[in-house]
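Undergrad:
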Amino acid sequence: MQWRLPVNNIKTFIQDFGWPRIIIFLFLVSLFILAPVVGVRLDASISDVMNRFGQYAILVLALVPMIQSGAGLNFGLALGIVAGLLGSTLSLQLELRSFLGFFGAIGLATPFAVLFGYFYGKLLNKVKGEEMTIAMYVGFSFVMLMCIMWLILPYNNPTMVWGYAGKGLRTTITVEGYWLKILNNFLAIKIGEFFVFPTGLLLFVALCAFLMWVFLKTKTGTAMTAVGSNPDFARASGISADRMRLISVVISTFLGAVGIIVYQQSFGFIQLYTAPNPMVFPAVAAILIGGASINKANIINVIVGTFLFQGLLTMTPSVINSILQTDMSEVIRMIVSNGMILYALTRKTKVSK
Amino acid sequence: MSAKTNVTKFLSEYAVVIIFVVLTLASIAPSGLSIPYIIQEVITRLGRNSFLVIALLLPIYAGMGLNFAMTLGAMAGQIGLIFAVDWGVAGWQGLVFALLVGLPIAVLLGWVTGSVMNKAKGREMVTGYILAFFINGIYQFFVLYLMGSLIPMRNPAIVLSRGYGVRNTLNLESVRQSLDTLFMLRIGPFAIPVVTFIVIFLLCLFIVWFRKTKLGQDMRAVGQDMAVAGAAGIDVERTRIVAIIISTVLACGGQIIFLQNMGNLATYNAHDQTGFFAVAALLVGGASVTHANIPNVFIGVILLHAMFIVSPLAGQKLFGSAMIGEYFRQFIGYGVIALSLVLYAWKSRRAAEDQRSQLRQGSATGGAK
Numbered sequence: 001m002q003w004r005l006p007v008n009n010i011k012t013f014i015q016d017f018g019w020p021r022i023i024i025f026l027f028l029v030s031l032f033i034l035a036p037v038v039g040v041r042l043d044a045s046i047s048d049v050m051n052r053f054g055q056y057a058i059l060v061l062a063l064v065p066m067i068q069s070g071a072g073l074n075f076g077l078a079l080g081i082v083a084g085l086l087g088s089t090l091s092l093q094l095e096l097r098s099f100l101g102f103f104g105a106i107g108l109a110t111p112f113a114v115l116f117g118y119f120y121g122k123l124l125n126k127v128k129g130e131e132m133t134i135a136m137y138v139g140f141s142f143v144m145l146m147c148i149m150w151l152i153l154p155y156n157n158p159t160m161v162w163g164y165a166g167k168g169l170r171t172t173i174t175v176e177g178y179w180l181k182i183l184n185n186f187l188a189i190k191i192g193e194f195f196v197f198p199t200g201l202l203l204f205v206a207l208c209a210f211l212m213w214v215f216l217k218t219k220t221g222t223a224m225t226a227v228g229s230n231p232d233f234a235r236a237s238g239i240s241a242d243r244m245r246l247i248s249v250v251i252s253t254f255l256g257a258v259g260i261i262v263y264q265q266s267f268g269f270i271q272l273y274t275a276p277n278p279m280v281f282p283a284v285a286a287i288l289i290g291g292a293s294i295n296k297a298n299i300i301n302v303i304v305g306t307f308l309f310q311g312l313l314t315m316t317p318s319v320i321n322s323i324l325q326t327d328m329s330e331v332i333r334m335i336v337s338n339g340m341i342l343y344a345l346t347r348k349t350k351v352s353k
Numbered sequence: 354m355s356a357k358t359n360v361t362k363f364l365s366e367y368a369v370v371i372i373f374v375v376l377t378l379a380s381i382a383p384s385g386l387s388i389p390y391i392i393q394e395v396i397t398r399l400g401r402n403s404f405l406v407i408a409l410l411l412p413i414y415a416g417m418g419l420n421f422a423m424t425l426g427a428m429a430g431q432i433g434l435i436f437a438v439d440w441g442v443a444g445w446q447g448l449v450f451a452l453l454v455g456l457p458i459a460v461l462l463g464w465v466t467g468s469v470m471n472k473a474k475g476r477e478m479v480t481g482y483i484l485a486f487f488i489n490g491i492y493q494f495f496v497l498y499l500m501g502s503l504i505p506m507r508n509p510a511i512v513l514s515r516g517y518g519v520r521n522t523l524n525l526e527s528v529r530q531s532l533d534t535l536f537m538l539r540i541g542p543f544a545i546p547v548v549t550f551i552v553i554f555l556l557c558l559f560i561v562w563f564r565k566t567k568l569g570q571d572m573r574a575v576g577q578d579m580a581v582a583g584a585a586g587i588d589v590e591r592t593r594i595v596a597i598i599i600s601t602v603l604a605c606g607g608q609i610i611f612l613q614n615m616g617n618l619a620t621y622n623a624h625d626q627t628g629f630f631a632v633a634a635l636l637v638g639g640a641s642v643t644h645a646n647i648p649n650v651f652i653g654v655i656l657l658h659a660m661f662i663v664s665p666l667a668g669q670k671l672f673g674s675a676m677i678g679e680y681f682r683q684f685i686g687y688g689v690i691a692l693s694l695v696l697y698a699w700k701s702r703r704a705a706e707d708q709r710s711q712l713r714q715g716s717a718t719g720g721a722k
């Protein structure tokens, strides 16, 4: 490393940060500036953005360990999400309510997450170099298998199963009366009519992010990063690459499970069947927008990325709709999120594989 | 070679095919469908899908794996068809018109795909997959916002009531099965769309011929080893782009054939599953990420679609729910792709490890892959 002149610093900053991210950032800023002009309430928008940030942050955080260990973008995050779905449906089945219900859901999801993560990690270790495509299809096929399971598993809580048949889970199940907004409302600060600060939600996200940060500093965390950045060096220092990758996959799957449960308590519904699939790409896009590459990611990337991406998703419909009188948010979401992933995939990776 | 290793080799080579044959045969009886009905359905679907599956072959020869970005070609074909309906060009002429409109778009999109993939060597498949999503966004923008506003539309019946954007479902009555019914051969209870099959046959001839040309040979050399091909004076990047352009153009034609048989176009999601079905069919037919041939295409289409025909009804009869059959066939489709990719990655890794253990002489830095 050499000391650079400030001008070069700015240049390298732009180069490292990448034009797509800067454009997205400027776009978001201009949306915030435009919002009051076109009659969109700024306080309500900021409240929305914070809510959605909290909803998605842990799902995005779940991608960090696998990127760090060199296993790439976890397109198979759906496995973790399915584990979370099992946890939350079981929690409802057992009629667990309020904090017991929420943490019960996480507790019940954990064994599934560890189990799925273990086998998924074993599989990914056998297919090094092709992880991303395979992860995607393993995720898809597993979600489809679970679709069959949701129909035939013997759940019988009347709020969860189809009314007329008395069996088979509904596609969306409300968590109202169980643990709806349990984190969002914890210590929430309400200012005025439109602004709510979801203290509990953000505290929980901060706690998870802090634990991840601490973990990455521990011996295991450092070893994991070493495996991702320089496998040969890691092997020379006696680190088992396969073991580290396996640990990273299990953690990622577990966080996927926690992430979806946090999402559900805020969103209000458990979405089953094919719903896990479309959750994965936005998470991947978010971390990449935050400045991660396919083999380097940190907590800052997660926070910045989730904020930018969710900010964009919240602000685009309201602001653009007011200007153009038409809903283009879906198209913009598609182009931005996939464009971002594409950008990351086509960049020459700095760290040698 | 002992008999046992032969059997294991055969099983690992044809694992996917064997699983499929067994599953399909097992579910014919519970589905309650008659054999002639299944055969007629398979014939129809052969005509409908084979062209699309053949579009995947060239990128595999060029070592770029399964071209998930073939969806881009399908979108080009759909734009062609939208214009054919808009201009009121009916019959097989409508299909030719659609092809003529779609062709330049497909070439452009193919060039984009090839260039993007050249920047993501070694990750072509996942890049192609995401690229398909990305271009889908642009397609939606084009069809939903630009058509009827910036691009004038003549036929108000296909425009959304708000004045611009194309309707969600487009009736292709004017070109419906115009290729299939040009000459329909009836043998006993079966109707065979002869012209469609002639088109598919000509495409097969083209593929066989193309493999023997200089360009085809170059492509296979690039597929074997890019470094060696480059050293031998082949323009690797250009060859790869050409492979993808041809694949995209074929996918464009394939989608037109597919849709004229279906008879209507779901404007915004007809192409969603195109890549999935084509790739699943090819892999079911015994192809892998690096090896595929024309028999794989037909075996695959027959097996996959025989399975698709019987599984919903078998699910209905066995579990009392048609949804189970529907989920099951999707599970099988995705599962087959996952399984083939895993088997392929597994094999190539083992081969690389064998090679390394032969080469290893105390140095810890294995260079393979």
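Line by line, the protein sequences are chains A and B.
Per my numbering, the first sequence starts with residue 1, numbered consecutively.
Per my numbering, the second sequence starts with residue 354, numbered consecutively.
C-beta atoms are modelled at their ideal positions from N, C-alpha and C, and glycine is treated no differently.
The structure displayed is predicted, hence computed values, not measured ones.
1. Pick out whichever of B:436, B:458 and B:655 has its Cα sitting closest to the Cα of residue 451 (chain B).
2. For residue 500 (chain B), which residues does DSSP report across the bridge?
3. Can you find a C-beta in chain A that's less than 7 Å from the C-beta of residue 717 (chain B)?
4. Go to residue 55 (chain A), then tell me how far its alpha helix (DSSP H) extends in each direction, as first and last residue.
5. Which residues does DSSP list as the beta-bridge partners of residue 539 (chain B)?
6. Tell me the rounded alpha-carbon separation between residue 105 (chain A) and residue 267 (chain A).
7. Given a cut-off of 7 Å, decide if residue 75 (chain A) and residue 355 (chain A) are closer than it, judged by their beta-carbon atoms.
8. Tell me whether the stretch 123-142 of chain A and the stretch 242-252 of chain A touch, counting them as touching only if at least three CB pairs, one residue from each stretch, are closer than 8 Å.
9. Hey, could you find the ends of the alpha helix (DSSP H) residue 704 (chain B) is sitting in?
10. Considering only residues of the stretch 582-634 of chain B, which uninterrupted beta strand (DSSP E) runs meet the minimum length of 3 residues and lie entirely inside it, listed in chain order?
11. Using a Cβ-Cβ cutoff of less than 8 Å, which residues in the same chain neighbour residue 343 (chain A) once the five nearest sequence positions on both sides are dropped?
12. Report all residues from its chain with a CB closer than 6 Å to the CB of residue 691 (chain B); omit the five preceding and five following residues, and keep chain order.
13. Can you find the residues in the same chain that come closer than 6 Å, C-beta to C-beta, to residue 607 (chain B), ignoring five residues on each side of it along the sequence?
14. With DSSP as the reference, label residue 293 (chain A) as helix, strand or coil.
15. What's the gap between the Cα of residue 172 (chain A) and the Cα of residue 698 (chain B)?
16. At which residue ranges does the stretch 268-346 of chain A contain complete alpha helix (DSSP H) runs of 4 or more residues, listed in the order of the chain?
17. What is the residue span of the beta strand (DSSP E) that residue 523 (chain B) lies within?
18. What residues in the stretch 479-495 of chain B bring their beta carbon closer than 8 Å to a beta carbon of chain E?
19. Under the rule that 16 or more other beta-carbon atoms within 10 Å means buried, what is residue 624 (chain B), buried or exposed?
20. Using only the alpha-carbon positions, how far apart do residue 604 (chain B) and residue 619 (chain B) sit?
21. Just curious, the alpha helix (DSSP H) that residue 152 (chain A) is in, first and last residue?
22. Taking C-beta to C-beta, are residue 680 (chain B) and residue 144 (chain A) nearer than 7 Å?
23. At which residues does the alpha helix (DSSP H) containing residue 219 (chain A) begin and terminate?
24. Residue 504 (chain B) to residue 433 (chain B), Cα distance in whole Å?
25. What's the C-alpha gap between residue 265 (chain A) and residue 156 (chain A)?
26. Are the CB atoms of residue 575 (chain B) and residue 552 (chain B) nearer to each other than 7 Å?
27. What's the call for residue 587 (chain B), buried or exposed, on a 16-neighbour Cβ count within 10 Å?
28. Just curious, the alpha helix (DSSP H) that residue 122 (chain A) is in, first and last residue?
29. How far does the beta strand (DSSP E) with residue 195 (chain A) in it reach, from first residue to last?
30. Quick one, are the C-beta atoms of residue 235 (chain A) and residue 71 (chain A) less than 7 Å apart?
31. Could you name the residues of the same chain whose beta carbon sits closer than 8 Å to that of residue 339 (chain A), not counting the 5 residues immediately before and after it, in chain order?
32. Measure how close the beta-carbons of residue 194 (chain A) and residue 47 (chain A) come, nearest whole angstrom, since I'm counting them as under 8 Å.
33. Between residue 418 (chain B) and residue 550 (chain B), what straight-line distance do the alpha-carbon atoms span, to the nearest angstrom?
34. May I have the straight-line CA-CA distance separating residue 584 (chain B) from residue 578 (chain B), to the nearest angstrom?
35. Grouping DSSP H, G and I as helix and E and B as strand, with all else coil, what is residue 182 (chain A)?
36. Beta carbon of residue 337 (chain A), beta carbon of residue 282 (chain A): below 7 Å?
TA: With the given structure in hand:
1. Locating residue 451 (chain B) in the second sequence gives position 98, where the first residue counts as 1. Considering only alpha carbons, the answer is B:436.
2. Within the second sequence, residue 500 (chain B) is the residue found at index 147, counting from 1. Paired residues: B:504.
3. The sequence position of residue 717 (chain B) within the second sequence is 364, counting from 1. Because residue 717 (chain B) carries a pLDDT of 48, less than 50, the predicted location of this residue cannot be relied on, and the following value inherits that uncertainty. Residue 717 (chain B) counts as touching chain A.
4. Residue 55 (chain A) sits at position 55 when you count from the first residue of the first sequence. From DSSP, the alpha helix (DSSP H) with residue 55 (chain A) extends over 42-61.
5. Position 186 of the second sequence, counting from 1, holds the residue named residue 539 (chain B). Answer by DSSP bridge pairing, in chain order: B:544.
6. The residue you call residue 105 (chain A) lines up with position 105 of the first sequence. The residue you call residue 267 (chain A) lines up with position 267 of the first sequence. Rounded to whole angstroms, residue 105 (chain A) to residue 267 (chain A) spans 15 Å at the Cα level.
7. Limits of chain A in this structure are 1 at one end and 353 at the other, which puts residue 355 (chain A) out of reach.
8. yes
9. Translated into the one-based positions of the second sequence, residue 704 (chain B) becomes position 351. Residue 704 (chain B) -> alpha helix (DSSP H) spans 675-712.
10. 617-619
11. Translated into positions along the first sequence, residue 343 (chain A) becomes position 343. Contacts found: 18, 20 and 288.
12. As a position in the second sequence, residue 691 (chain B) is number 338, starting the count at 1. The answer is none, since no qualifying residue turns up.
13. Position 254 of the second sequence, counted from the first residue, corresponds to residue 607 (chain B). So the qualifying residues of the chain are 404, 405 and 408.
14. Position 293 of the first sequence, counted from the start, is the residue given in the question as residue 293 (chain A). DSSP places residue 293 (chain A) in strand when its eight states are reduced to three.
15. Counting from one through the first sequence, the residue named residue 172 (chain A) turns up at place 172. Counting from one through the second sequence, the residue named residue 698 (chain B) turns up at place 345. Computed Cα separation, rounded: 37 Å.
16. 277-289, 299-324 and 329-346
17. Locating residue 523 (chain B) in the second sequence gives position 170, counting from the first residue. Element bounds for residue 523 (chain B): 522-524.
18. Absent here is chain E; the protein component of the structure consists of chains A and B.
19. Counting from 1 along the second sequence, the entry for residue 624 (chain B) is found at position 271. Result: buried.
20. By one-based count along the second sequence, residue 604 (chain B) stands at place 251. By one-based count along the second sequence, residue 619 (chain B) stands at place 266. The alpha-carbon atoms of residue 604 (chain B) and residue 619 (chain B) are separated by roughly 17 Å.
21. Here residue 152 (chain A) refers to the residue found at position 152 of the first sequence. It spans 131-152 - the alpha helix (DSSP H) in which residue 152 (chain A) sits, taken as one unbroken run.
22. As a position in the second sequence, residue 680 (chain B) is number 327, starting the count at 1. As a position in the first sequence, residue 144 (chain A) is number 144, starting the count at 1. In contact: residue 680 (chain B) and residue 144 (chain A) (Cβ atoms closer than 7 Å).
23. For the purposes of this step, residue 219 (chain A) is identified with residue 219 of the first sequence, where counting begins at 1. Where residue 219 (chain A) is concerned, the enclosing alpha helix (DSSP H) stretches over 219-229.
24. What you label residue 504 (chain B) is simply residue 151 of the second sequence in a count that begins at 1. What you label residue 433 (chain B) is simply residue 80 of the second sequence in a count that begins at 1. One C-alpha to the other measures close to 14 Å.
25. For the purposes of this step, residue 265 (chain A) is taken as the residue at position 265 of the first sequence. For the purposes of this step, residue 156 (chain A) is taken as the residue at position 156 of the first sequence. Answer to the nearest angstrom: the Cα atoms are 21 Å apart.
26. The count along the second sequence starts at 1 and reaches residue 575 (chain B) at position 222. The count along the second sequence starts at 1 and reaches residue 552 (chain B) at position 199. No, these two residues do not count as a Cβ contact at 7 Å.
27. For this step, residue 587 (chain B) is matched to residue 234 along the second sequence. Buried, since its Cβ has 16 or more Cβ neighbours within 10 Å.
28. Indexing the first sequence from 1 puts residue 122 (chain A) at position 122. From DSSP, the alpha helix (DSSP H) with residue 122 (chain A) extends over 98-126.
29. Taking the first sequence and counting its residues from 1, one reaches residue 195 (chain A) at position 195. 195-197 is the extent of the beta strand (DSSP E) around residue 195 (chain A).
30. Taking the first sequence and counting its residues from 1, one reaches residue 235 (chain A) at position 235. Taking the first sequence and counting its residues from 1, one reaches residue 71 (chain A) at position 71. No, they are not a contact pair.
31. Your numbering for residue 339 (chain A) matches position 339 in the first sequence. So the list reads 20, once near-sequence residues are dropped.
32. Taking the first residue of the first sequence as 1, we reach residue 194 (chain A) at position 194. Taking the first residue of the first sequence as 1, we reach residue 47 (chain A) at position 47. Contact holds; Cβ gap of about 6 Å.
33. As a position in the second sequence, residue 418 (chain B) is number 65, starting the count at 1. As a position in the second sequence, residue 550 (chain B) is number 197, starting the count at 1. If I take the Cα positions, the gap works out to 27 Å.
34. Here residue 584 (chain B) refers to the residue found at position 231 when the second sequence is read from its first residue. Here residue 578 (chain B) refers to the residue found at position 225 when the second sequence is read from its first residue. So the two alpha carbons sit approximately 10 Å from each other.
35. Reading the first sequence from its first residue, position 182 is the one you call residue 182 (chain A). Coil.
36. If you number the first sequence from 1, residue 337 (chain A) lands on position 337. If you number the first sequence from 1, residue 282 (chain A) lands on position 282. The answer is yes: Cβ separation under 7 Å.
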